[in-house]
Amino acid sequence: MDQPLIDIKDVRHAYKTDKGPLPVLDGLTLSVPEGGFVAVVGPSGCGKSTLTRLIAGLMIPDEGEVWLHGKRVKGPRSTVGMAFQNPVLLEWRSILRNVMLPLEIVATGMSKKDQEDRARYLLSLVGLSGFEDKRPSELSGGMRQRASLCRSIVHKPEVLILDEPFGALDAFTREDLWQTMHKVKEKEPFTGVLITHDLRESIYLADQVVVLSGRPARTQHVLDVPDPGPRDIETLYTPQAAEMLATLRHQIQIAQGRAPEEATA
Ligand code: ADP
Ligand code: MG
1430 MDQPLIDIKD VRHAYKTDKG PLPVLDGLTL SVPEGGFVAV VGPSGCGKST
1480 LTRLIAGLMI PDEGEVWLHG KRVKGPRSTV GMAFQNPVLL EWRSILRNVM
1530 LPLEIVATGM SKKDQEDRAR YLLSLVGLSG FEDKRPSELS GGMRQRASLC
1580 RSIVHKPEVL ILDEPFGALD AFTREDLWQT MHKVKEKEPF TGVLITHDLR
1630 ESIYLADQVV VLSGRPARTQ HVLDVPDPGP RDIETLYTPQ AAEMLATLRH
1680 QIQIAQGRAP EEATA
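Rendered as C-alpha cells:
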C-alpha cells in the first residue's frame, strides 16, 4: 500500500500550565493518503487545533510521531497551507497582493508576473474576479474567506489545513463555500485536513471523517464517505447521508460520554 502523505502515530501531548501538565492528546492516530481529504470532528477543547499545529510542525508532540511525505516533522514547513475561522488578511494590501503573499515568502522562483497570474487565476476560481484591487475590509466575510482559501493554496502546499474555516459564516454562505471547495479541489488537487463542528460539512467535503473523543483526545471513530468528489448539495438530503450523520452524532455522544459504547455494535 502507498505510504500515507500524513501519518500521525499514537501521538500524546500535554500542555505545560501553571497548574501542571494538561493532557490534550492521548493516543491520536490519523493517516491521510495523497489527495485525501479528512475531516476531524470532536467536542470543543478536545485538541483539534492542537492537531493542526502538530501537522504544521508548529509543535512537536511529547510522544508519538508525525510524518509528512515520508519525513518526520521536526519543525515548521512552508509546504503546509493553513486557513482559519477568522481570515488573517493584511488590510494594507489589496486582495490580489494578499493572495500573492506566500509566493513572496516561499522561494518559488516564479516571476512577479507569474505570481500575479496565479493569484488572479485562483481568485477567478473562487468567484472573486473583479475584486483583486479591493482591500479586505471592502469584502464580505464569505468573500474574505474565499480570498484566504486562495492564499492558503497559492504556493501549492503539500498539505492544506483548514481549521473551522466556515464556522463564522451564515448557512447560505457556508453552502456556497462548500461548493467552491469542491471546485477548488477538482482544479487544484490537494491533500487536506478539515477541522469542523458541522457534521454535514464533514460528509459533504471530506472522503473520511475522524471523530475524536473527549479530553484527552484519542481517535474514537473513522467513517468513510463513499463517492467522494464533486457532489450536489442535494446529496446531503439522501437516506445514505442521513445514516452517516446519525452514525457521527452517535459517535460524538459516546465521545462526550453521553451514550453507552455498546450501542454502536
Ligand atoms: P479544539 O481546537 O478542539 O477546541 P484545542 O486544541 O484548541 O482544542 O485545545 C485543547 C485543550 O488544550 C483546551 O483545553 C485548551 O484550553 C488547551 N490549550 C490549547 N492551547 C494551549 C496552550 N498553548 N497552553 C495551554 N493549554 C492549551
Ligand atoms: Mg480549535
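Take the sequence shown: its letters are residues 1430 to 1694, numbered as in the numbering used here. The beta carbon of each residue, even a glycine, is placed where N, CA and C say it ideally should be.
In this structure, Leu-1628 and Arg-1678 form a Cβ contact; the two beta carbons are roughly 7 Å apart against a cut-off of 8 Å.
Here Val-1639 is near Leu-1459, since their CB atoms are less than 7 Å apart. Here His-1611 carries a helix assignment [DSSP, helix/strand/coil]. Residue burial is scored here from C-beta neighbours: Pro-1645 has at least 16 other C-beta atoms within 10 angstroms and is therefore classed as buried. Under a 10 Å Cβ-count criterion, Pro-1450 is classified as exposed, with fewer than 16 other Cβ atoms of the shown protein chains found around its own Cβ. In this structure Glu-1492 is in contact with Arg-1441, their Cβ atoms being roughly 4 Å apart against a cut-off of 8 Å. Runs of the beta strand (DSSP E) spanning 3 or more residues and lying entirely within the region 1586 to 1660 occur at 1588 to 1592, 1620 to 1624, 1637 to 1641 and 1648 to 1653, in chain order. Within its own chain, the residues whose Cβ lies closer than 8 Å to the Cβ of Pro-1618, once the five positions on either side in sequence are excluded, are Gly-1464, listed in chain order. Here Thr-1602 is not near Gly-1643, since their CB atoms are 7 Å or more apart. Taking 7 Å as the cut-off, the beta carbon of His-1650 is found closer than this to the beta carbon of Gln-1680.
For a cut-off of 8 Å, the C-beta gap from Leu-1589 to Gly-1510 is around 5 Å, short enough to register as a contact. Shortest gap from the CB of Thr-1648 to any heavy atom of the ligand ADP: 6 Å or more. Residues with their Cβ less than 7 Å from any non-hydrogen atom of the ligand MG, running along the chain, are Lys-1477, Ser-1478, Asp-1592, Glu-1593 and Ile-1624.
In the three-state scheme derived from DSSP, where H, G and I count as helix and E and B as strand, Ala-1536 is classed as coil.
His-1679: member of the alpha helix (DSSP H) spanning 1668 to 1684, first to last residue.
Counting every other CB atom within 10 Å of its CB across the protein chains shown gives Ala-1512 a total of 16 or more, marking it as buried.
Leu-1483 has its CB no nearer than 6 Å to any heavy atom of the ligand ADP. Following the DSSP letters along the chain, one finds Ile-1662 in no alpha helix (DSSP H), marked with neither H nor E. For Thr-1508, the three-state secondary structure derived from DSSP is coil.
The Cβ atoms of Leu-1434 and His-1498 lie closer than 7 Å to each other. According to the DSSP secondary-structure assignment, Tyr-1550 is paired through a beta bridge with no residue. A straight line joining the alpha-carbon of Leu-1598 with that of Pro-1472 spans about 20 Å.
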